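Student: Structure in structure tokens, see below.
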């Protein structure tokens, strides 16, 4: 018999992961400590995104509640479909409008559109 061969029963567990394997980190509940490399890492909290929905913005992935306005702290996904990014700040429309009244015209930015991803399909948040 091949010394590198292991029967399926030797490699797999006959029991599902125990509830003790669950953990919470950065305000997110994770059902199991899943080190799956296919899971995206949240740009906001650094945790793995195991939820069904995630956001894709600024070429990074975010938990729904982690993409927040730098000024007011509100989750941008709850405030509409667009946000602004300027001077290293992620801003909701209200705060961007408020700030832009007091700055030079060259500071103004164009809005970005939030994208929600479900099972690999990207679609704008409505």
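In UniProt numbering, the protein residues as written are 1 to 126.
By construction, the Cβ of each residue, glycine as well, lies at the ideal position given by its N, Cα and C atoms.
What you are looking at is a predicted structure, and each value in this text was computed from that prediction instead of being measured.
Which two residues bound the contiguous beta strand (DSSP E) that contains residue 86?
Tutor: Sequence index remark: in the chain shown, residue 86 carries index 86 (1-based). Start and end: 82 to 86.
Student: Quick check for students: name the residue ranges of the beta strand (DSSP E) that lie wholly in the UniProt domain "LIM zinc-binding" (40 to 102), counting only runs of 3 or more.
Tutor: Runs of the beta strand (DSSP E) inside the UniProt domain "LIM zinc-binding" (40 to 102): 53 to 57, 60 to 62, 82 to 86, 89 to 91.
Student: Does the structure place the stretch 71 to 79 close enough to the stretch 88 to 96 that three or more beta carbon pairs sit under 8 Å?
Tutor: The answer is yes - the stretch 71 to 79 touches the stretch 88 to 96, with three or more Cβ pairs under 8 Å.
Student: Between the Cα of residue 88 and the Cα atoms of 58, 82, 42, which residue gives the shortest distance?
Tutor: In the chain shown, residue 88 corresponds to position 88, counting from 1. If we check each option's Cα against that of residue 88, 58 comes out closest.
Student: Drop a sphere of 10 angstroms on the beta-carbon of residue 77, count the other beta-carbons inside from all chains shown, and report buried for 16 or more, exposed for fewer.
Tutor: Taking the chain shown and counting its residues from 1, one reaches residue 77 at position 77. Residue 77 comes out buried.
Student: Give me the Cα-Cα distance between residue 56 and residue 86, rounded to the nearest whole angstrom.
Tutor: Taking the chain shown and counting its residues from 1, the one referred to as residue 56 is at position 56. Taking the chain shown and counting its residues from 1, the one referred to as residue 86 is at position 86. Those two C-alpha atoms are separated by around 17 Å.
Student: Only counting the same chain, and skipping five residues up and downstream in sequence, which positions put a Cβ closer than 7 Å to that of residue 42?
Tutor: Start at 1 with the first residue of the chain shown, and residue 42 comes out as number 42. Answer for residue 42: 49, 61, 62, 63, 66, listed in chain order.
Student: Can you find the residues in the same chain that come closer than 7 Å, C-beta to C-beta, to residue 39, ignoring five residues on each side of it along the sequence?
Tutor: By 1-based counting over the chain shown, the position of residue 39 is 39. Only 48, 49, 50 meet the Cβ criterion.
Student: Where does residue 44 land, buried or exposed, given buried means 16+ other C-beta within 10 angstroms?
Tutor: If you number the chain shown from 1, residue 44 lands on position 44. Residue 44 is buried by the Cβ-count criterion.
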